[in-house]
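See below for the structure under consideration.
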Amino acid sequence: MGGTHAETRLLDDLHGDLAFWLFAMAELMTVGLGLIVFAVARHSAPEQAVLLHDVLHRDLALANTFILLTSGALIAIAVGREYRGEPALRFWLGALLIGTAFLGVKGYEFSSMASAGFGLNSGPLVSGYFLLTGFHYLHVALGLLFIAMIIWRRRRPIDPDEGEEVRSFGASAGVFWHSLDLMWITIFAVVYS
Amino acid sequence: MSDAHERKVLLTWVLLVVLSIVSYVLIDGRGSVLLLFGVVFIKLERIWGVYLELGRGPRWLHRAVLGATLLLMTILALTVR
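As you go down the protein sequences, you meet chains X and L in turn. Position one of the first sequence corresponds to residue 1 (my numbering), numbered consecutively onward. Position one of the second sequence corresponds to residue 1001 (my numbering), numbered consecutively onward.
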């Protein structure tokens, strides 16, 4: 009984939903393993590594790093404000707009790579690039969907009875988004190096 | 209280932006893995400590995620260079 009580207390203190934490951890592990495979592939195919390095848009990747860091900071402020009972809608909107810019910039990079003749069948290293960044891209799209749901839910005043549940979903989306930030910073340092 | 949290968030944002620029400068095959360690550590420590802490979150899960990620980064560092 004592153990159950302790576990309940730990989970009660959890910021956001436990499922989102587990999801974020699983996704980080997946990307981490993918990066290890990518690093090994680069080590075993140095000529392709040079080719990939030459065609990647490092400046756009840096721009996307700023974009994700800024949207993450806006979400952190939004979640903090909601737990203090302060309005946060404009921060969620800012995060949505800036996060959408990430998809635009990355989409441009994908299309530019495709125009240069690179695709999933261009060798293990280029395929690894597309798979890793594509995986992250889809997760950003999912994160933006969560943020859009949060904004939609806040278009009217929130019933006090539902306040905790609504705030908790916002915190969960924050956990997910910060894991995307982290994924990208790791991809940025490993894939674009 | 509000100002204090938002100040910490902004400070973290500035720190990460600066580290990203340094990473961009150094990324060309020169010590990016060591830098990556720094960025990941600060990111986890600050984001999952400061961004989500708000005086109510537990540290046990933050530490579990931090430990697992640092282990993974160690493997990655040994593999990359």
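For every residue, glycine included, the Cβ atom is placed at its ideal position computed from N, Cα and C.
Three-state class that DSSP yields for serine 193 of chain X in the structure shown = Position 193 of the first sequence holds residue 193 of chain X. DSSP places serine 193 of chain X outside both helix and strand once states are collapsed to three, so it counts as coil.
In terms of residues, what are the limits of the alpha helix (DSSP H) holding aspartate 59 of chain X?
-> Indexing the first sequence from 1 puts residue 59 of chain X at position 59. That run of the alpha helix (DSSP H) goes 58-83.
For the putative contact between arginine 167 of chain X and tyrosine 108 of chain X, defined by C-beta atoms under 8 Å, what is the C-beta separation to the nearest angstrom?
-> Your numbering for residue 167 of chain X matches position 167 in the first sequence. Your numbering for residue 108 of chain X matches position 108 in the first sequence. The beta-carbon distance between arginine 167 of chain X and tyrosine 108 of chain X, rounded to whole angstroms, is 36 Å. This is too long to meet the 8 Å contact definition.
Collapsed DSSP secondary structure at arginine 159 of chain X in the structure displayed = Within the first sequence, numbered from 1, the residue matching residue 159 of chain X stands at position 159. Reading the sequence as shown, one finds aspartate at residue 159 of chain X and not arginine. Looking at aspartate 159 of chain X - three-state DSSP - the assignment turns out to be coil, as it is neither helix nor strand.
Find the residues of chain X that neighbour valine 1018 of chain L, judging by a C-beta separation of less than 7 Å, and give them in chain order.
-> Looking up residue 1018 of chain L in the second sequence gives position 18. By Cβ distance, chain X contributes nothing, its closest Cβ being about 11 Å from valine 1018 of chain L, past 7 Å.
Would a check of beta-carbon distances place valine 1009 of chain L closer than 8 Å to chain X?
-> As a position in the second sequence, residue 1009 of chain L is number 9, starting the count at 1. It does: the Cβ of valine 1009 of chain L has a partner Cβ on chain X nearer than 8 Å.
Closer than 8 Å to chain L by CB, phenylalanine 66 of chain X = Taking the first sequence and counting its residues from 1, the one referred to as residue 66 of chain X is at position 66. Judged by the 8 Å Cβ criterion, phenylalanine 66 of chain X is in contact with chain L.
How many angstroms separate the CA atom of serine 115 of chain X from the CA atom of glutamine 48 of chain X?
-> Here residue 115 of chain X refers to the residue found at position 115 of the first sequence. Here residue 48 of chain X refers to the residue found at position 48 of the first sequence. For serine 115 of chain X and glutamine 48 of chain X, the distance between alpha carbons rounds to 18 Å.
Going along the segment 40-69 of chain X in order, which residues come within less than 9 Å of chain L, judged by CB to CB distance?
-> Within the segment 40-69 of chain X, the qualifying residues are Val40, Arg42, His43, His53, Arg58, Asp59, Ala61, Leu62, Thr65, Phe66, Leu69.
The alpha helix (DSSP H) spanning glutamate 47 of chain X covers which residue range?
-> Position 47 of the first sequence, counted from the first residue, corresponds to residue 47 of chain X. Where glutamate 47 of chain X is concerned, the enclosing alpha helix (DSSP H) stretches over 46-55.
Within 8 Å, strictly: CB atoms of phenylalanine 91 of chain X and leucine 74 of chain X = Numbered from its first residue, the first sequence carries residue 91 of chain X at position 91. Numbered from its first residue, the first sequence carries residue 74 of chain X at position 74. Closer than 8 Å, so yes.
Return yes when the Cβ of phenylalanine 176 of chain X is within less than 8 Å of the Cβ of phenylalanine 20 of chain X, no when it is not.
-> Position 20 of the first sequence, counting from 1, holds the residue named residue 20 of chain X. Position 176 of the first sequence, counting from 1, holds the residue named residue 176 of chain X. For phenylalanine 20 of chain X and phenylalanine 176 of chain X, yes; Cβs fall inside 8 Å.
Does the Cβ of glycine 72 of chain X have 16 or more other Cβ atoms within 10 Å, making it buried, or fewer, making it exposed?
-> Within the first sequence, residue 72 of chain X is the residue found at index 72, counting from 1. Buried.
How far does the alpha helix (DSSP H) with arginine 154 of chain X in it reach, from first residue to last?
-> Start at 1 with the first residue of the first sequence, and residue 154 of chain X comes out as number 154. Looking at the DSSP string, arginine 154 of chain X is not in any alpha helix (DSSP H), and its letter there is neither H nor E.
Cβ-based neighbour list, leucine 182 of chain X, same chain, cut-off 7 Å, excluding 5 preceding and 5 following | Taking the first sequence and counting its residues from 1, one reaches residue 182 of chain X at position 182. Excluding residues within five positions, the ones whose Cβ falls inside 7 Å are Leu28.
Residues that isoleucine 77 of chain X contacts on chain L, provided the C-beta gap is smaller than 7 Å = Locating residue 77 of chain X in the first sequence gives position 77, counting from the first residue. Within chain L, Glu1006, Val1009 have C-beta atoms less than 7 Å from the C-beta of isoleucine 77 of chain X, given in sequence order.
With a threshold of 16 other CB atoms inside 10 Å of the CB of valine 1014 of chain L, please say whether the residue is buried or exposed.
-> Here residue 1014 of chain L refers to the residue found at position 14 of the second sequence. That one is exposed.
Glutamate 86 of chain X - DSSP class collapsed to helix/strand/coil = For the purposes of this step, residue 86 of chain X is identified with residue 86 of the first sequence, where counting begins at 1. Coil at glutamate 86 of chain X, not helix or strand.
Contact belief for valine 79 of chain X with alanine 171 of chain X at Cβ below 8 Å, rounded distance in angstroms = Position 79 of the first sequence, counted from the first residue, corresponds to residue 79 of chain X. Position 171 of the first sequence, counted from the first residue, corresponds to residue 171 of chain X. Contact holds; Cβ gap of about 5 Å.
When we look at the beta-carbon of asparagine 121 of chain X and count the other beta-carbons within 10 Å, is it buried (16 or more) or exposed?
-> Here the question's residue 121 of chain X lines up with position 121 in the first sequence. Classification for asparagine 121 of chain X: exposed.
Coil, strand or helix - alanine 116 of chain X by DSSP = Here residue 116 of chain X corresponds to residue number 116 of the first sequence, with the count starting at 1. When secondary structure is reduced to three states using DSSP, alanine 116 of chain X falls in the coil class, being assigned neither helix nor strand.
Contact set for leucine 35 of chain X: own chain, Cβ-Cβ below 8 Å, skip 5 residues either direction | Stepping through the first sequence from its first residue, residue 35 of chain X is reached at position 35. Leu132, Thr186, Ile187, Val190, Val191, listed in sequence order.
Alpha carbon to alpha carbon, what distance is there between serine 1020 of chain L and tyrosine 129 of chain X?
-> Translated into the one-based positions of the first sequence, residue 129 of chain X becomes position 129. Translated into the one-based positions of the second sequence, residue 1020 of chain L becomes position 20. Those two C-alpha atoms are separated by around 20 Å.
Classification of histidine 43 of chain X by the beta-carbon crowding that lies within 10 angstroms, buried from 16 upward = Taking the first sequence and counting its residues from 1, the one referred to as residue 43 of chain X is at position 43. Looking at its Cβ environment, which holds fewer than 16 other Cβ atoms inside 10 Å, histidine 43 of chain X is exposed.
Assumed close pair alanine 45 of chain X, glycine 134 of chain X - CB separation to whole angstroms, cut-off 8 Å | For the purposes of this step, residue 45 of chain X is identified with residue 45 of the first sequence, where counting begins at 1. For the purposes of this step, residue 134 of chain X is identified with residue 134 of the first sequence, where counting begins at 1. The Cβ separation is near 20 Å, so there is no contact.
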